[in-house]
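K.L.:
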Amino acid sequence: CDNGDLAWVEEPSYWGIRHVLAMNDVRAEPLTVDANGLCPPETVDDAPRLIFVTPSHQYPLGAVMSLERRQRLLALARQQGSWIVED
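UniProt numbering applies: residue 1 is where the sequence shown begins, and numbers increase by one.
(1) Cα-Cα, which of 17, 13, 19 is closest to residue 31?
(2) Mind the definition here: the region 60-70 touches the region 41-52 only if three or more C-beta pairs lie below 8 Å; say whether that holds.
(3) Under DSSP, the beta strand (DSSP E) around residue 20 begins and ends at which residues?
(4) Bridge partners for residue 30 per DSSP, in chain order?
(5) Three-state secondary structure (DSSP) at residue 68?
Here it is as structure tokens:
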């Protein structure tokens, strides 16, 4: 990831990831998390270089990402050339 790149992060998420991104001049864009996990956007204006996600036991809410959302996130990453980092 280079300076100025965009990373999607869960909101809420572990505070440390945002700190590491900021220290490396990577822009963090928060994405909402609900009972079914991360909510992938319907459209993408600014493609992220990285997507940080905790799909199996989201921190701090404990949500489990639904299969439909996992597939949508994978499709978005593939279309945009993004890397997914799963914790």
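Glycine included, C-beta positions come from ideal geometry on N, C-alpha and C.
P.N.:
Inspection of the coordinates gives the following:
(1) 13
(2) no
(3) Careful: residue 20 lies outside any beta strand (DSSP E), inside the alpha helix (DSSP H) at 15-23.
(4) 9
(5) Three-state result, residue 68: helix.
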